[in-house]
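*Asks:* Residue numbers (the numbering used here): 1473 to 1621.
Rendered as structure tokens:
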């Protein structure tokens, strides 16, 4: 299975799910430990609301665009997602409550998750074409988060 994880499809599924779970297992706890309780509450609400919204968008995306986007577009989306994650984390840890508020947190988190949809679709399509279940790589991403936390 480890050999399969290093293939493009499973690796994308694994890392996509790891990034998806990152706020739950690391950022929220780190904010509490840093004494940023208000920012933690803001991020927690933004994460949960954006996961609901992006879940619905993912279903719609898969129905209307089953083949996905070109890999170059998805690579650009992944880079933008990483930049937004860095900005969101920076704001959560440093910005005042007037700057880092629920609307901004929700917009950043939702944008990141929407950008992950076509990226995750590449990994899922690749694993399904090879007749490999993507669920095992999502579970591996979850287990990695739990073990590292």
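All C-beta atoms in this analysis are idealised placements derived from N, C-alpha and C, irrespective of residue type, glycine included. As the structure is a prediction and not an experimental result, all values here were calculated from the model.
(1) Take residue 1610 as the anchor and find which of 1541, 1602, 1603, 1596 has the nearest alpha-carbon.
(2) What residue range is occupied by the uninterrupted alpha helix (DSSP H) comprising residue 1591?
(3) Could you tell me the alpha carbon to alpha carbon distance between residue 1519 and residue 1546, rounded to whole angstroms?
(4) So, is residue 1568 buried or exposed, given that buried needs 16 or more other C-beta atoms within 10 angstroms?
(5) Taking Cβ positions, are residue 1601 and residue 1534 nearer each other than 8 Å?
(6) Would you tell me roughly how many angstroms separate the C-alpha atoms of residue 1618 and residue 1500, rounded to the nearest one?
(7) Within 10 angstroms of the Cβ of residue 1543, are there 16 or more other Cβ atoms? Answer buried if so, exposed if not.
(8) Measuring alpha carbon to alpha carbon, tell me which of 1506, 1612, 1492, 1509 ends up nearest residue 1522.
(9) Rounded to the nearest angstrom, what separates residue 1513 and residue 1574 at their Cα positions?
(10) Could you please give the first and the last residue of the uninterrupted alpha helix (DSSP H) stretch that includes residue 1607?
(11) Return helix, strand or coil for residue 1604, following the three-state DSSP convention.
*Replies:* Looking at the atomic coordinates:
(1) 1596
(2) 1574-1601
(3) 22 Å
(4) exposed
(5) no
(6) 14 Å
(7) exposed
(8) 1492
(9) 9 Å
(10) 1607-1620
(11) coil
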